[in-house]
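Working notes, beginning with the structure itself.
Residue numbers (this note's numbering): 423 to 532.
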């Protein structure tokens with residue numbers, strides 16, 4: 423996994439509490455394709471129907487997923503923290519726009 427990959431990130435990334443404490447380690451690991459257990463990546467949905475995907479970082483070992491990863495919107499350590507981050511995104515979107523359209527709201531931040 424030594425080669426570097428460039429993922430598309432939103433300008434404003436959301437981090438869970440634990441993920442925020444490891445922000446620089448997470449971004450460095452993503453750049454080097456060195457993904458660690460327990461890290462969840464929140465991206466725009468890849469299926470065109472849902473709003474977001476929550477992907478366990480271990481899945482990025484699969485070339486197809488890594489090479490087709492939609493824009494990254496946030497990081498969390500643990501599945502529960504990932505859901506908390508999505509809840510925060512939804513609350514922010516509703517407060518700022520009056521809508522729960524996360525892709526439109528997050529794109530405005532991009």
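Cβ coordinates follow ideal geometry from the N, Cα and C atoms, glycine included. Everything numeric in this text was worked out from a predicted model, so none of it was measured.
Check                                                                                                                                                                 : Outcome
Let me check one thing: in DSSP terms, what residues is residue 528 bridge-paired to?                                                                                 : Paired residue(s): none; residue 528 is not in a bridge.
Looking only at its chain, what residues have a beta carbon closer than 8 Å to the beta carbon of residue 500, apart from the 5 residues adjacent to it on each side? : 438, 440, 460 and 462
Going along the chain, which unbroken runs of the alpha helix (DSSP H) with 4 or more residues stay wholly within the region 470 to 520?                              : 485 to 489 and 501 to 519
Does the Cβ-Cβ distance between residue 533 and residue 435 come in under 8 Å?                                                                                        : The structure shown does not extend to residue 533, since the chain spans only 423 to 532, so no value can be given for it.
Taking 8 Å as the threshold, find out whether the region 440 to 456 comes into contact with the region 469 to 477 through three or more Cβ pairs.                     : no
Check for me: the alpha helix (DSSP H) holding residue 446 runs from which residue to which?                                                                          : 445 to 454
Measure the alpha-carbon distance for residue 511 versus residue 524 and round it to whole angstroms.                                                                 : 7 Å
Between the C-alpha atoms of residue 520 and residue 509, what's the straight-line distance to the nearest angstrom?                                                  : 15 Å
DSSP has residue 435 in a bridge; who is on the other side?                                                                                                           : Residue 435 is not bridged to any residue.
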